[in-house]
Amino acid sequence: MWIWNKIKQLAISSRTGVVTLRYPFKPRPAPAGFRGQPVWDHTKCIGCAGCASNCPARTIFLRDICQEIRILLYDSSRCTYCGRCADLCPEKAITMSDNFELATDSRQDITQTIELFMMTCQRCGRCYDLEIKNYLDKLQSLGYRYDSLEVRKVIRQSTAEFETDLLEKTATYGRPEKLEK
Amino acid sequence: MSRKEELLNWLKEKLKGDLLAEDVSREKCLFIDIKKEALIETAQLLLSRGARYQVGVGYDARKSGQGLAMVHTFAFDSDALLVAIRAYTPEDKPEFDSLTPTLPGAGWSEREYIDLLGLHFNNHPNPKRLILSDDWPEGIYPLRQEVPYDLMPPAAEDVAFRLDEAPPGSSIIPFGPFHACLHEPAHFAVYVDGEEIKGCEYRGFMVHRGIEKLAATELTYSEIPFVAERICGICGSVHSVNYAQAVESAAELKISRRAEFIRTVMLEIERLHSHLLWLGVAGHLIGFDTVFMQAWRIREKIMWLAESLTGNRKTYGIVIIGGVRRDINREKAGQIKKILGEVEKDMLALEKAIVKDKAIHRRTRDVGYLSKEKAIEWSLVGPVARARGLAIDARKDHPYAAYDEVKFDVQVADSCDVWGTLVVRVKEVYEAISIINQCLEKLALIPENSPLAVELEGPIPAGRQGLSVVEAPRGEVVHYLLTGDDNRPERWRVRAPTYPNLQAVPDMLLNNRLADFPIIVGSIDPCFSCTDRVVVIDRKSASGKILSQQELENLSRKMRSKS
Ligand code: SF4
Ligand code: SF4
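Each protein sequence line maps, in turn, to chains A and B.
Note that the first sequence covers residues 1 to 181 in our numbering.
Note that the second sequence covers residues 182 to 744 in our numbering.
Here it is as structure tokens:
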């Protein structure tokens, strides 16, 4: 009997009541293990570019602005929150946070930049982090490409972010604490 | 002698010198190279032995000095065997004989490479533009190696898609490109006589994103799973699993059993969400919003479950080449079981409440009728085929991941209409729950610390082929892969289930009422994004060339789905 069906439907609907959450008035915390915005810990990063070379969205950029200073810039606007960077970082410098409320009208709000002091290898002339350990061999196994800056050509528009005046603002970048002493 | 060897010997005997090379090293797959003159004969031989046509793959093989290549893949469903036949043609004479007169299902596959590679198919009944936008310049073939992936020719202003005249006595009702009943852009020009649909013209392929070209030029092997997952917003992990399987097949990598079970669990969780989503949408399309609300309420639990298992509601990001990234431990298994129990209970209640509702029956019975014979002719796949009595299911026919160890039935219906599709999909919800529970039990027997992913030993050699199928919620997905240099595939081809199913829609629509258009199109659960995945095309972009009236007319007929 179809009328019986209608009664059952009514019963289901009234028994369930309202299930819509009161979000955003009541926060809904993300579950454990959620892949939200990645966050960089500049005290751990050795500037190996492993994350940049393996980011499927190509949204992490590295640039050596001079022999000793390497800038890492993460632009969240194209990030897919896959968590690949956090997986691959040899120093566990990246954590996938539970932050998912990232809507903004300024790209700068969701951009992270860190400045890294690098040493130069006497043998090959490449930069490496002297403080922690010689990672040169490890770099190779991660598929590190020295020209990873070139990779930025993948989506050309995004390179607009890397202007010289942006680089001039280095004063605001996070710096490794132990080197400041 | 295995079925594969027997088939190969038989083909050798029949084709003699036309069979150039074979590769039998991959389990469940047979790759053969043939002379291009023997393409049709080989296809006919395979069809005569009961093969089902899957897809054609064209690629640029000039780097290895062999001109342009065309691969056609076939499935032997009762023998768990996939066969790919490949032929080359020189660049200066890029011609093949068309398979379409023998095999209507090959029509789109061939037209795709007319557009993308500049191939020419002799005797193709309808060799019109399929993929490229109306104003894309002649002579630029996006899949050729010299064309950069981000090429954007300037737009042409006065080129537009022109529809055919309606058949006499009928008028045209346009649906799309943006229409409330279509969830993605596609254009249907429906010919109606009064209320009755007399035919339809389809123009789609409006959401190309160039993923295959991107994979062959910019991405690397291990990055592609995360991009593949974004081919589809509903059955994403189907694509990442299938891609990973194709690479693993090409690299002959055996992954751990634990990883296979985890992949199976995630695929079935995805099936649950997709079936419930479709049930809701179907209810909504026929104006039965109680079904919509309740199905989606039940589905939300699955989404939250996926979120806590993988870190995201939809893009699970759990698959990597060689295994998976996250484990399902005892605690999580318990959580899954608990939620599935609730879902099953809710689902049973919902089913009982709607199964006899007149509204559903009146709107779905005998709607979108397509006979079993037609379904075979169009090589339909998935619930749409199973609703027409075809018991094909890649999970059963070509077991992958851990499906060889779980027990389940292939759900079929024989009403050949939208109702049948609905029944199949609802039954598969319970089947999926049972599969997950079986997997969790088996998973508990595998030591928890066993590895989730295996490492590749050395780089993947170039020039190896891989072929893999996965049963997505909507039907069989085929991934073909050819390994290349530079740590990335030379060619990766994705065939989504909507690709064959959509070709049959005009037949399904015939003689139905206009009001049933949304639910008929909706019944195949069309995913235009998956189907259109091939090459970045901006509809506005193209040469400044002005097409003649005749050319315009040719263009406008291109999407008649008769080929
Ligand atoms: S989460 Fe993924 S997309 Fe985002 S920065 Fe990391 S690797 Fe790139
Ligand atoms: S992978 Fe880790 S250590 Fe290397 S550059 Fe990225 S954040 Fe720094």
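Glycine included, every Cβ here is placed at the ideal spot set by N, Cα and C.
By a C-beta neighbour count over all protein chains shown, 10 Å radius and 16 as the cutoff for buried, is Leu10 (chain A) buried or exposed?
-> That one is exposed.
Say the cut is 8 angstroms; is the CB of Lys239 (chain B) nearer than that to a heavy atom of ligand 1?
-> Inspection of the sequence shows that residue 239 (chain B) is occupied by Gly rather than by Lys. For ligand 1, not one heavy atom lies less than 8 angstroms from the Cβ of Gly239 (chain B).
Under 7 angstroms (Cβ pairs) to chain A, residues found in the segment 521-540 of chain B = Those residues of the segment 521-540 of chain B that come within reach of chain A (Cβ to Cβ, closer than 7 angstroms) are Ala530, Leu531, Lys533, Ala534, Ile535, Lys537, Asp538, Lys539.
Using a Cβ-Cβ cut-off of 9 angstroms, state whether Asp75 (chain A) counts as contacting chain B.
-> For Asp75 (chain A), the answer is no, since every Cβ of chain B falls outside 9 angstroms of its Cβ.
Whose C-alpha, out of B:Lys309, B:Arg544, B:Val599, is nearest the C-alpha of Gly570 (chain B)?
-> Nearest option by C-alpha distance: B:Val599.
Looking at the structure shown, is Gly492 (chain B) part of a helix, part of a strand, or coil, going by DSSP?
-> Looking at Gly492 (chain B) - three-state DSSP - the assignment turns out to be coil, as it is neither helix nor strand.
Counting only beta-carbon atoms, is Ser141 (chain A) nearer than 9 angstroms to chain B?
-> With a pLDDT of 35 at Ser141 (chain A), under the threshold of 50, the modelled position of that residue is not reliable, and no figure is offered here.
Looking only at C-alpha atoms, which of B:Gly299, B:Pro306, B:Asn304, B:Asn303 sits nearest to Ile312 (chain B)?
-> The option with the nearest alpha carbon to Ile312 (chain B) is B:Gly299.
Through-space distance from Asp75 (chain A) to Asn493 (chain B), alpha-carbon basis | Answer to the nearest angstrom: the Cα atoms are 20 angstroms apart.
With 16 other Cβ atoms within 10 Å as the buried cut-off, status of Lys588 (chain B) | By the neighbour-count definition (other C-beta atoms within 10 Å, threshold 16), Lys588 (chain B) is an exposed residue.
Taking the alpha-carbon positions, what's the His456 (chain B) to Ser290 (chain B) distance?
-> Using only the alpha carbons, I get a separation of about 28 angstroms.
Cross-strand partners of Glu319 (chain B) (DSSP beta bridge) | Answer by DSSP bridge pairing: none, since Glu319 (chain B) is not bridged.
In its own chain, which residues sit with a C-beta less than 8 angstroms from the C-beta of Pro580 (chain B), not counting the 5 before and 5 after it?
-> Once the five neighbours on either side are set aside, the close Cβ partners of Pro580 (chain B) are Ala261.
Is the beta carbon of Thr57 (chain A) within less than 8 angstroms of some heavy atom of ligand 1?
-> Going by the sequence as given, residue 57 (chain A) is Ala instead of Thr. Yes, the beta carbon of Ala57 (chain A) sits closer than 8 angstroms to at least one heavy atom of ligand 1.
In this structure, what does DSSP give as the bridge partners for Ser673 (chain B)?
-> One detail in the question is off: residue 673 (chain B) reads as Trp in this sequence, not Ser. BP columns for Trp673 (chain B) point to B:Leu662.
Kindly indicate if chain B contains any beta-carbon less than 9 angstroms away from that of Val39 (chain A).
-> It does not; no Cβ of chain B falls within 9 angstroms.
Assign Asp278 (chain B) to one of three DSSP states: helix, strand, or coil.
-> DSSP places Asp278 (chain B) in strand when its eight states are reduced to three.
Of the residues B:Ile405, B:Ile378, B:Lys244, B:Pro323, the one placed nearest Leu695 (chain B), counting alpha carbons only = Among B:Ile405, B:Ile378, B:Lys244, B:Pro323, the Cα nearest to that of Leu695 (chain B) belongs to B:Ile378.
Take Ile499 (chain B) as the anchor and find which of B:Asp585, B:Ser403, B:Met474 has the nearest alpha-carbon.
-> Comparing alpha-carbon positions, the option among B:Asp585, B:Ser403, B:Met474 lying closest to Ile499 (chain B) turns out to be B:Ser403.
Host beta strand (DSSP E) of Phe369 (chain B) (start-end) | Taken as a continuous stretch (DSSP letters only), the beta strand (DSSP E) holding Phe369 (chain B) covers 368-374.
Taking 9 angstroms as the cut-off, decide whether the C-beta atoms of Leu189 (chain B) and Glu203 (chain B) are in contact.
-> Yes, the pair counts as a contact, with Cβ atoms nearer than the cut-off.
C-beta contact flag for Glu433 (chain B) and Ser649 (chain B) at 9 angstroms | Going by beta carbons, Glu433 (chain B) and Ser649 (chain B) fall outside the 9 angstroms limit.
Quickly, what does DSSP pair Ile312 (chain B) with across the bridge? List them, please.
-> Looking at the DSSP assignment, Ile312 (chain B) forms no beta bridge with any residue, so it has no partner.
Using a threshold of 8 angstroms, is the CB atom of Lys44 (chain A) nearer than that to any non-hydrogen atom of ligand 2?
-> Within 8 angstroms of the C-beta of Lys44 (chain A) there is at least one heavy atom belonging to ligand 2.
Coarse secondary structure for Thr80 (chain A), derived from DSSP in three states = The DSSP-derived three-state label of Thr80 (chain A) is coil.
Could you give the DSSP three-state label for Gln684 (chain B): helix, strand or coil?
-> DSSP places Gln684 (chain B) within a helical segment (H, G or I) once states are collapsed to three.
Cβ-based neighbour list, Asn693 (chain B), same chain, cut-off 7 angstroms, excluding 5 preceding and 5 following = Excluding residues up to 5 positions away in sequence, Ile378, Val548, Gly549, Ile701 lie with their Cβ nearer than 7 angstroms to the Cβ of Asn693 (chain B) in the same chain.
Please confirm if Asp87 (chain A) has its CB atom under 9 angstroms from at least one CB of chain B.
-> Closer than 9 angstroms: yes.
Run through DSSP, which three-state label would Tyr550 (chain B) get?
-> Tyr550 (chain B): coil per DSSP, three-state reduction.
Roughly how many angstroms lie between the CA atoms of Gln426 (chain B) and His660 (chain B), to the nearest whole one?
-> The C-alpha of Gln426 (chain B) lies about 9 angstroms from the C-alpha of His660 (chain B).
May I have the straight-line CA-CA distance separating Ile46 (chain A) from Gln475 (chain B), to the nearest angstrom?
-> Roughly 51 angstroms between the two C-alpha positions.
Closest residue to Thr281 (chain B) among B:Pro306, B:Val328, B:Asn618 (Cα-Cα distance) | Closest option to Thr281 (chain B), Cα to Cα, is B:Pro306.
Contact set between the segment 7-24 of chain A and chain B, restricted to residues whose Cβ is under 7 angstroms from the partner = Residues passing the 7 angstroms Cβ filter: Lys8, Gln9, Ile12, Ser13, Thr16, Val19.
So, do the segment 208-222 of chain B and the segment 262-279 of chain B have three or more beta carbon pairs nearer to each other than 8 angstroms?
-> The way I'd put it, the segment 208-222 of chain B does touch the segment 262-279 of chain B; three or more beta-carbon pairs between them come closer than 8 angstroms.
Residue environment, Leu728 (chain B), which counts as buried when at least 16 other CB atoms sit within 10 Å = With a pLDDT of only 34 at Leu728 (chain B), under the threshold of 50, the placement of this residue in the model should not be trusted; the figure read from the coordinates follows. Looking at its Cβ environment, which holds 16 or more other Cβ atoms inside 10 Å, Leu728 (chain B) is buried.
Heavy atom of ligand 1 less than 8 angstroms from the Cβ of Gly33 (chain A), yes or no?
-> No, the Cβ of Gly33 (chain A) stays beyond 8 angstroms of every heavy atom of ligand 1.
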